[in-house]
Structure formats: C-alpha cells, structure tokens
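Visitor: For the sequence shown, my numbering begins at 2 and goes up steadily by one. Sharing a structure with you now.
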Amino acid sequence: MFRDHGFGVQRVWEVENRWVEVDGSIRPTAFVAGTAEGVELDVHVIEVEAGVVVPSCDVPWPFDAGSLEGRGVIDGGHVACLSAQTEVAMHRGYELPEAHERDEALLRQLD
C-alpha cells in the first residue's frame, strides 16, 4: 500500500521495532515511511483483538480503549487513527525535531 502512494521506509525505530514475516518478506513494525516530497508517516503496527489494542512493536506507552478514537482519510477512504491525546502521549520523553514540535502543538489544540 505504501509503495503504491510513493512511500518507502526511511527509518526503522530499532528500540521499538520487532521484525515480522509477512507473505515471505521480513518487515518492520515501528518505522517512518516517507515520500520524495517530504511527507512522513510514523508507523507503529498494531492489532485489535476483541476491542483491545495490541502493539506489534515494543512501545513504552499504554493503549487504552479511547486510543483509536481519531479518524483520518487515506486515498479517499476513512481510517481509524490514534486519538490526539494518544499521539501527544506517544511523543513524551525525548527531544522532538522542530517539525514534530509543530505537529504536537496542532495535536494539543485537538486534545
């Protein structure tokens, strides 16, 4: 899906990542996908089991029942996203790049 829209894996979050096999390919579960135009997606793969969010990567933050209350659009299709509150919580405890600081300020307005 990512490649179809010009995205490629730019960085793997090694501390959080678990490599998994999908259809014969080894893939990361915590990574940044980006385009040549500079669009970035910070991806942390999850599964939802019986309504509970289960991370497929090693993350230091909890996911609660409201974690997926956000909504987004990808290629015209509506998708579940992390809530603004969860996004802000996920970006605590380390120094953010300037672009991410701007993103977080926007998220705090939604929180």
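Ideal placement from N, C-alpha and C gives every residue a C-beta, glycine not left out. Predicted model only: the values in this text are computed from it and were never measured.
1. If you pair each beta-carbon of the segment 32-52 with each one of the segment 2-12, do three or more pairs fall below 8 Å?
2. Which residues in the same chain have their Cβ closer than 8 Å to the Cβ of VAL49, if we skip the five residues on either side of it in sequence?
3. I need the straight-line Cα distance from GLY25 to GLN110, nearest angstrom please.
4. Please list the terminal residues of the continuous beta strand (DSSP E) segment that includes LEU42.
5. Please name the residue in VAL53, ASP59, VAL23 whose C-alpha comes closest to that of GLU15.
6. Using only CA atoms, which one of SER57, ALA51, ILE27, HIS45 lies nearest to GLU88?
7. For SER6, which of helix, strand or coil comes out of DSSP?
Guide: So, from the data block:
1. yes
2. VAL55, LEU69
3. 42 Å
4. 41-45
5. ASP59
6. HIS45
7. Inspection of the sequence shows that residue 6 is occupied by His rather than by Ser. Helix at HIS6.
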